[in-house]
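Take a look at the structure set out below.
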Amino acid sequence: MDVEESSDDSDSETDEKENFQADLANVTCEIAIKQKLIDELENSQRRLHTLKLQYEQKLMMLQCKIRDTQLERDRVLLNMNTVETGTDDKSRKIKAEYEKKLSVMNKELQKLQSAQKEHARLLKNQSQYEKQLRKLQVDVAEMKKTKVRLMKQMKEQQEKNRMNESRRNREIASLKKDQRKQEHQLKLLEAQKRQQELILRRKTEEVTALRRQARPSSGKVVRKDPVQDSSYRPPSGRLYSSGNAAPNGTRSSYRRTAGIYSTRIARNKWQSLERRITDVIMQRMTISNMEADMNRLLKQREELTKRKEKVIRKRDRLSREGPEAEKAAVPHNEEVDALTANIDYINDGIADCQANIMQMEETKARGRFSPSAPPEEEGDTVDISAVVSSCTLTEARFLLDHFMLLAINKGLQAAQKESQVKVMEGRLKQTEITSATQNQLLFHMLKEKAEFNPELDALLGNALQGDAPPACCCSGRREEPPPYTHTWFNPAHLLEAALIFSVLLKLDNSVQNKDHESVRIRLAFQEVHRVAGELHDGDY
Numbered sequence: 001m002d003v004e005e006s007s008d009d010s011d012s013e014t015d016e017k018e019n020f021q022a023d024l025a026n027v028t029c030e031i032a033i034k035q036k037l038i039d040e041l042e043n044s045q046r047r048l049h050t051l052k053l054q055y056e057q058k059l060m061m062l063q064c065k066i067r068d069t070q071l072e073r074d075r076v077l078l079n080m081n082t083v084e085t086g087t088d089d090k091s092r093k094i095k096a097e098y099e100k101k102l103s104v105m106n107k108e109l110q111k112l113q114s115a116q117k118e119h120a121r122l123l124k125n126q127s128q129y130e131k132q133l134r135k136l137q138v139d140v141a142e143m144k145k146t147k148v149r150l151m152k153q154m155k156e157q158q159e160k161n162r163m164n165e166s167r168r169n170r171e172i173a174s175l176k177k178d179q180r181k182q183e184h185q186l187k188l189l190e191a192q193k194r195q196q197e198l199i200l201r202r203k204t205e206e207v208t209a210l211r212r213q214a215r216p217s218s219g220k221v222v223r224k225d226p227v228q229d230s231s232y233r234p235p236s237g238r239l240y241s242s243g244n245a246a247p248n249g250t251r252s253s254y255r256r257t258a259g260i261y262s263t264r265i266a267r268n269k270w271q272s273l274e275r276r277i278t279d280v281i282m283q284r285m286t287i288s289n290m291e292a293d294m295n296r297l298l299k300q301r302e303e304l305t306k307r308k309e310k311v312i313r314k315r316d317r318l319s320r321e322g323p324e325a326e327k328a329a330v331p332h333n334e335e336v337d338a339l340t341a342n343i344d345y346i347n348d349g350i351a352d353c354q355a356n357i358m359q360m361e362e363t364k365a366r367g368r369f370s371p372s373a374p375p376e377e378e379g380d381t382v383d384i385s386a387v388v389s390s391c392t393l394t395e396a397r398f399l400l401d402h403f404m405l406l407a408i409n410k411g412l413q414a415a416q417k418e419s420q421v422k423v424m425e426g427r428l429k430q431t432e433i434t435s436a437t438q439n440q441l442l443f444h445m446l447k448e449k450a451e452f453n454p455e456l457d458a459l460l461g462n463a464l465q466g467d468a469p470p471a472c473c474c475s476g477r478r479e480e481p482p483p484y485t486h487t488w489f490n491p492a493h494l495l496e497a498a499l500i501f502s503v504l505l506k507l508d509n510s511v512q513n514k515d516h517e518s519v520r521i522r523l524a525f526q527e528v529h530r531v532a533g534e535l536h537d538g539d540y
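Numbering of the sequence shown is given in UniProt numbering, commencing with residue 1 and proceeding in unit increments.
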């Protein structure tokens with residue numbers, strides 16, 4: 001139910017976030033459109049104002065020019081009247097010229113007046129534009145407020161989602177912890193059940209063996225001795241004393257029965273020993289795996305503790321800088337909480353491993369010091385002397401044959417595994433040599449390109465920083481790198497160089513896509529990726 005609720009909450013949060021983003025995008029788009037309309041209206045107003053000034057100036061100039069021309073015409077005509085009357089023709093010509101000029105000027109005046117009327121009409125429409133402009137400005141202001149409100153809501157929603165995410169992570173961590181505890185308890189119960197079944201099977205086999213021992217082997221022979229203990233084994237020769245010797249036929253029959261009986265007991269002993277050896281091997285393997293897991297968890301805890309201390313120091317440094325830096329310290333607080341939860345989880349795992357190891361040790365100790373335990377179950381190692389002392393010659397030969405076969409099989413398996421390890425080591429060495437060669441080629445190509453690109457040179461310096469080998473502990477000096485490479489081989493460095501090399505390819509493709517050098521570099525880059533992938537698979 002908790003998982004379903006958390007999934008529903010995450011879906012609702014995702015939907016709300018998408019809705020906020022869609023609303024914010026719509027508001028931003030509308031603001032941009034209306035701002036563009038406002039700019040166009042303002043530009044049209046400026047153009048109309050400029051045209052109005054130009055028309056008014058032209059109109060005033062033309063009116064002044066007409067008035068000056070009329071005054072000049074009157075003055076010339078007046079002067080002509082005072083002169084002789086013979087000049088009537090000349091005065092008419094002058095008057096006609098001035099009339100012509102005046103008619104042209106009047107036409108221009110009429111054009112300007114019509115343009116002024118049109119401009120006045122546009123100015124009337126300008127009031128509507130101004131109203132529309134004011135409305136658009138108000139809308140833009142409201143939309144900006146809406147945008148600010150949406151951004152604030154988005155920040156609040158992001159903060160809320162982050163808190164919910166951290167809460168869900170803590171719940172998931174606690175659920176995983178509970179699940180690990182339940183799985184651990186289940187494994188313990190299963191181990192106890194297997195151990196009880198094993199003990200029950202052994203006891204059943206022992207009871208069956210005792211019943212077979214107590215059962216008479218022939219109807220002709222009546223044993224007068226009481227039933228012997230399971231540890232007692234009759235000799236393979238005579239079954240009666242010399243004073244009570246049986247006939248020859250009866251003696252041979254008992255010898256055959258004793259041989260069959262001894263082989264059966266030897267087989268039972270071998271099966272019991274083999275089971276015990278397998279159990280001891282499995283116990284030691286389990287303890288070894290638990291110790292390896294505990295060491296791994298201890299290393300992880302140490303790394304997380306160092307990281308936590310580093311984050312705490314950084315957070316304290318930010319808190320000392322001022323109140324404004326406290327906001328930047330919030331992610332550090334969350335990181336500290338997450339690291340603390342991880343450390344607690346790892347501590348629980350370490351405690352579980354320790355409890356399991358102690359429980360297995362206590363189980364072995366109880367089996368070692370239990371007085372009712374059989375000789376072959378006292379401790380991890382089998383009590384060889386007790387087994388040998390209770391064996392006859394035939395049983396000892398039987399056990400020795402089986403031990404030799406077991407030793408041969410185990411030796412063969414060990415030799416096969418050793419040969420496989422040698423083959424894998426040879427492959428690893430060959431891969432290292434090939435990868436070192438590719439790394440050298442990559443380094444030279446990057447170095448050539450870095451001479452003409454300062455950004456790539458800086459990236460190459462950052463990526464190859466710290467590639468020098470560690471100082472030698474004995475002599476106190478640094479070992480020289482091998483002659484076939486400029487940097488010490490490391491798959492992580494190779495992948496980092498390949499990342500820089502991809503930047504180089506992008507730069508090179510942007511300059512010239514069909515260059516032969518780019519083709520050669522691209523092929524080398526593919527080879528580097530192949531080798532890095534093989535190394536990565538080999539490490540894991």
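Just so it is clear, CB atoms sit at the ideal spot from N, CA and C, and this is done for glycine as well.
Give the C-beta separation of residue i and residue j to the nearest angstrom, bearing in mind that I take them to be a contact with Cβ-Cβ under 8 Å.
{"i": "K34", "j": "D139", "result": "6 Å"}
{"i": "L318", "j": "A329", "result": "5 Å"}
{"i": "K308", "j": "H332", "result": "Going by Cβ atoms, the distance from K308 to H332 rounds to 10 Å, so no, they are not a contact pair."}
{"i": "I31", "j": "K144", "result": "7 Å"}
{"i": "K95", "j": "L77", "result": "6 Å"}
{"i": "R170", "j": "A355", "result": "That pair is no contact at about 25 Å."}
{"i": "I287", "j": "M360", "result": "6 Å"}
Given this structure, state the Cα-to-Cα distance separating residue i from residue j, to the nearest angstrom.
{"i": "Q57", "j": "N19", "result": "57 Å"}
{"i": "K111", "j": "M105", "result": "10 Å"}
{"i": "E13", "j": "E197", "result": "53 Å"}
{"i": "D15", "j": "C29", "result": "21 Å"}
{"i": "S518", "j": "S435", "result": "A caution first: S518 carries a pLDDT of 49, below 50, which makes its placement in the model unreliable, though a value can still be read off. Using only the alpha carbons, I get a separation of about 21 Å."}
{"i": "T278", "j": "H184", "result": "23 Å"}
{"i": "I172", "j": "E335", "result": "16 Å"}
{"i": "Q116", "j": "K100", "result": "24 Å"}
{"i": "Q54", "j": "E42", "result": "18 Å"}
{"i": "A450", "j": "Q430", "result": "30 Å"}
{"i": "D11", "j": "Q416", "result": "55 Å"}
{"i": "A407", "j": "G426", "result": "28 Å"}
{"i": "E156", "j": "V27", "result": "19 Å"}
{"i": "T263", "j": "A214", "result": "17 Å"}
{"i": "D401", "j": "W270", "result": "10 Å"}
{"i": "L273", "j": "K177", "result": "40 Å"}
{"i": "V207", "j": "K187", "result": "30 Å"}
{"i": "T146", "j": "R168", "result": "32 Å"}
{"i": "S389", "j": "Q413", "result": "32 Å"}
{"i": "E159", "j": "A141", "result": "27 Å"}
{"i": "S114", "j": "S44", "result": "20 Å"}
{"i": "Q128", "j": "R46", "result": "15 Å"}
{"i": "C64", "j": "R75", "result": "16 Å"}
{"i": "V148", "j": "M154", "result": "10 Å"}
{"i": "L428", "j": "K152", "result": "57 Å"}
{"i": "K59", "j": "K107", "result": "One point to set straight first is that residue 59 is Leu, not Lys, in the sequence displayed. Cα to Cα, the separation comes out at about 12 Å."}
{"i": "E165", "j": "K327", "result": "19 Å"}
{"i": "K181", "j": "R320", "result": "42 Å"}
{"i": "K90", "j": "L71", "result": "19 Å"}
{"i": "K193", "j": "N439", "result": "55 Å"}
Residue j and residue i - do their beta-carbons sit closer together than 7 Å?
{"i": "L150", "j": "D344", "result": "no"}
{"i": "M290", "j": "C353", "result": "yes"}
{"i": "A292", "j": "F398", "result": "no"}
{"i": "I38", "j": "L136", "result": "yes"}
{"i": "I346", "j": "L297", "result": "yes"}
{"i": "R73", "j": "Y98", "result": "yes"}
{"i": "T69", "j": "L102", "result": "yes"}
{"i": "M294", "j": "I350", "result": "yes"}
{"i": "Q126", "j": "L48", "result": "yes"}
{"i": "K17", "j": "H119", "result": "no"}
{"i": "N268", "j": "A191", "result": "no"}
So does residue i have its beta carbon nearer than 6 Å to some heavy atom of the ligand HEM?
{"i": "T204", "result": "Ligands are entirely absent from the displayed structure, and the ligand HEM is therefore not among its contents."}
For chain B, check one thing: does any of its Cβ atoms lie closer than 7 Å to the Cβ of residue i?
{"i": "H332", "result": "Protein chain content of the structure displayed is limited to a single chain, and chain B is not contained in it."}
Quick check for students: name the residue ranges of the alpha helix (DSSP H) that lie wholly in the segment 311-340, counting only runs of 4 or more.
Counting only runs of 4 or more, we get 324-328.
What alpha helix (DSSP H) runs, 4 residues minimum, are completely inside the segment 407-452?
none
Threshold first: 4 residues or longer. Then list the alpha helix (DSSP H) segments lying entirely within the segment 268-309, N to C.
Taking 4 residues as the minimum length, the segment 268-309 contains no alpha helix (DSSP H) run wholly inside it.
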